[in-house]
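The next block holds one structure in the form of structure tokens; read it before the comments.
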Amino acid sequence: MQKWFETSLGQYLLEEEQSYFDQAVINIFGYNALQIGFPQLNFLCANRIPYQFRLGISPGASFYALPDFLPIESGSMDLVLLPHILEFNSNPHQILREVHRVLMPEGHVLISGFNPFSLWGVTRYWKTVRNEFPWYGQFIALPRLKDWLKLLDFEIVGGRLGCYAPPFSKEKWIKRFHFMEAAGDRWWPISGGVYFLHAVKQIHGMRIIKPCWENKLSTKRKIVPATQKFKNTVK
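Using the working numbering, the first residue of the sequence shown is number 112, and each one after it goes up by one.
In structure tokens, the structure reads:
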């Protein structure tokens with residue numbers, strides 16, 4: 112995995128992801144931020160939250176743990192990043208449930224994933240690269256991921272797609288097809304190799320409406336005809 116990120120294609124992906132995460136997290140505030148997966152990469156560097164942690168099982172992690180069962184207090188995180196962790200785990204639903212648990216109400220989650228309906232998604236069916244990173248991952252379709260988030264009461268507030276150029280292994284071909292980045296957003300926006308989602312945790316509560324008995328009684332006491340008072344005094 113680390114070797115792949117050092118290739119030309121891996122650097123191309125990292126530049127796209129770092130650009131998105133820098134723009135998305137810069138105005139998110141709070142006390143605690145967590146990045147799950149790829150701890151050797153710091154996607155929280157543009158954020159100003161004072162306490163930042165990177166969770167994983169490889170060097171660079173703040174603490175070692177699996178994303179399925181987070182050793183973190185419920186409702187304690189303001190921001191959680193999931194860079195490509197869902198498609199390389201056997202139980203992505205459990206990871207999302209854990210993220211929902213540790214996030215505080217109105218907490219933010221940012222997700223990046225490989226789009227199966229793209230040139231990147233087609234590449235994983237080639238026999239020569241089928242067992243290599245990242246092509247062996249279980250790519251999750253964007254509509255399906257949105258449905259999972261809605262079931263957990265997340266509200267999707269932003270996102271986009273990127274990496275429209277074909278996943279060439281050589282740098283010169285990646286640069287030659289770089290024009291597809293601008294053209295992709297305009298002409299085929301759903302075919303980007305990578306998608307990004309920004310969602311906010313929503314908590315639906317209820318408001319108990321109590322009858323205002325005291326106000327009703329006080330208004331009834333005040334409504335006394337002045338003429339009746341005058342007649343009683345005359346008698």
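Quick reminder that beta carbons are idealized off the backbone N, C-alpha and C, glycines included.
| task | Counting only runs of 3+ residues fully inside the stretch 113 to 165, write out the beta strand (DSSP E) ranges in chain order. | result | Entirely contained in the stretch 113 to 165, the beta strand (DSSP E) runs reaching 3 residues are, in chain order, 143 to 147.
| Distance, Cα to Cα, Pro194 vs Gln151? | On the sequence shown, residue 194 is found 83 positions in, with the first residue counted as 1. On the sequence shown, residue 151 is found 40 positions in, with the first residue counted as 1. Here the alpha carbon of Pro194 sits roughly 12 Å from the alpha carbon of Gln151.
| query | So, using beta-carbon positions, are Phe225 and Phe244 closer together than 7 Å? | reply | Within the sequence shown, residue 225 is the residue found at index 114, counting from 1. Within the sequence shown, residue 244 is the residue found at index 133, counting from 1. No. Outside cutoff.
| Since Lys312 is in the beta strand (DSSP E), which residue starts that stretch and which ends it? | As a position in the sequence shown, residue 312 is number 201, starting the count at 1. Annotation for Lys312: the continuous beta strand (DSSP E) segment containing it runs 305 to 312.
| request: Pull up the distance between the alpha-carbon of Gln313 and that of Gln134, whole angstroms please. | output: Position 202 of the sequence shown, counting from 1, holds the residue named residue 313. Position 23 of the sequence shown, counting from 1, holds the residue named residue 134. Spanning the two alpha carbons is a distance of roughly 23 Å.
| query | Whose C-alpha, out of Cys274, Asp179, Ser280, Leu166, is nearest the C-alpha of Phe290? | reply | Mapped onto the sequence shown, residue 290 falls at position 179. The closest CA to that of Phe290, considering only Cys274, Asp179, Ser280, Leu166, is found on Cys274.
| request: Give the straight-line distance between the Cα atoms of Arg212 and Lys281, rounded to the nearest whole angstrom. | output: Taking the sequence shown and counting its residues from 1, the one referred to as residue 212 is at position 101. Taking the sequence shown and counting its residues from 1, the one referred to as residue 281 is at position 170. Within the model, the alpha-carbon separation for Arg212 versus Lys281 is close to 42 Å.
| query | For Thr344, which of helix, strand or coil comes out of DSSP? | reply | Within the sequence shown, the letter at position 233 stands for residue 344. Model confidence at Thr344 stands at a pLDDT of 49, short of 50, so the residue's coordinates are unreliable; what they give is reported in the following sentence. DSSP, reduced to helix, strand and coil, places Thr344 within a helical segment of the structure shown.
| Where does Trp246 land, buried or exposed, given buried means 16+ other C-beta within 10 angstroms? | To locate residue 246, count along the sequence shown from 1; it is residue 135. Looking at its Cβ environment, which holds 16 or more other Cβ atoms inside 10 Å, Trp246 is buried.
| said: Assess contact between the stretch 165 to 184 and the stretch 216 to 234, defined as three or more Cβ pairs (one per stretch) separated by less than 8 Å. Is contact present? | reply: Note that the stretch 165 to 184 does not touch the stretch 216 to 234; fewer than 3 beta-carbon pairs, one per stretch, sit closer than 8 Å.
| task | Would you kindly check if the distance between the Cβ of Leu256 and the Cβ of His219 is under 7 Å? | result | Within the sequence shown, residue 219 is the residue found at index 108, counting from 1. Within the sequence shown, residue 256 is the residue found at index 145, counting from 1. No, they are not a contact pair.
| said: If you reduce the DSSP assignment to three classes, tell me which class Arg271 lands in. | reply: Working through the sequence shown from its first residue, we reach residue 271 at position 160. Note: Arg271 maps to strand in three-state DSSP.
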